[in-house]
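Per the numbering used here, the very first residue in the sequence shown carries number 6; after that it's consecutive.
Cβ coordinates follow ideal geometry from the N, Cα and C atoms, glycine included.
Being a predicted model, the structure only gives us computed values, none of them experimental.
Structure first, commentary second.
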Amino acid sequence: MSFAHSLVVIQSIYTIWTKAARGGEMASMRNRTPLALELTASPSPAANENVCLHKVIYRERDQFERPWEKWEQRTEASPFHYDCLALSLEEQRLQVGLEWERSDGAPRRPAFPRPEFALLPGQWLRVTYNLRTSGEDVWFYHKRVLNIGLFESACSRRVFLESEPTYTYENLAQLW
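The structure is reproduced here in structure tokens:
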């Protein structure tokens, strides 16, 4: 496989809420946000663009029903970073490391050891974590789901729905 035609697909699903949605009906609605979605476009290698990013944000003000979505294809040099991930294309694999010091919010996670995963073509990883940040007189709570895959060429828009992840990593803390 030549990495000139490799495709890294990242689906980033964020759910954001305040204290008002920590319990009751709003919490039930919040907990129904998906771990994976159909991509908004068909990922395929284009020119030198080697990364496809599908960003989805579910918000309390929309009752977690109408997400904001953005799709982009871009060129990234190796290594590169997205969110708390350090990604590097190495020979026939995508090396994915978690760097908690790159994320904001509480609780702080230890910087070491850093979980690392090696994805071969056709494999994908799901990382799920949460955190709390402060705004002006309000706490914001975040759940982040990152689906990351390495593909040899174009892949299905349902790639993260058609199979289970090769690897999963979950770090969900008690958020007060």
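Checklist entry - By how many angstroms is the C-alpha of R162 removed from the C-alpha of Y174? => result 23 Å
Item to check | V14 beta carbon less than 7 Å from that of G127 | outcome: no
Next on the checklist: Classify W38: buried if its beta carbon has 16 or more other beta carbons within 10 angstroms, exposed otherwise.
Outcome noted: According to the sequence displayed, residue 38 carries Thr and not Trp. So T38 ends up on the buried side.
Checklist entry - Can you give the Cα-Cα distance for R113 and E121, rounded to whole angstroms? => result Their backbone Cα atoms lie some 19 Å apart in a straight line.
Checklist entry - Between the beta-carbon of F145 and the beta-carbon of Q16, is there less than 7 Å? => result no
Item to check | Inter-stretch contact (C-beta, 8 Å, three-pair minimum) for the stretch 57-68 and the stretch 92-107 | outcome: no
Next on the checklist: On a Cα-Cα basis, can you pick out the residue from L177, R79, L42, A32 that is closest to N53?
Outcome noted: R79
Item to check | Own chain residues within Cβ distance below 7 Å of P72, not counting five before or after | outcome: Only V61, I62, Y63 meet the Cβ criterion.
Checklist entry - So what does DSSP say about G102, is it helix, strand or coil? => result strand
Next on the checklist: For a test of the three-state rule: what should DSSP assign to R37, helix, strand or coil?
Outcome noted: R37 carries a coil assignment under DSSP once its states are collapsed to helix, strand and coil.
Next on the checklist: Determine whether the beta carbon atoms of V101 and L90 lie at a separation below 7 Å.
Outcome noted: yes
Checklist entry - Excluding five sequence neighbours on each side, which residues of the same chain lie with their C-beta closer than 6 Å to the C-beta of L92? => result Excluding the 5 residues flanking it on each side, L92 has same chain C-beta neighbours closer than 6 Å at F85, V101, in chain order.
Checklist entry - Mapping DSSP to helix, strand and coil, what is G140? => result Three-state DSSP puts G140 in a strand.
Checklist entry - Anyone know if the C-beta pair for R119 and P170 falls short of 7 Å? => result no
Item to check | Proximity below 7 Å, CB of H59 to CB of L44 | outcome: yes
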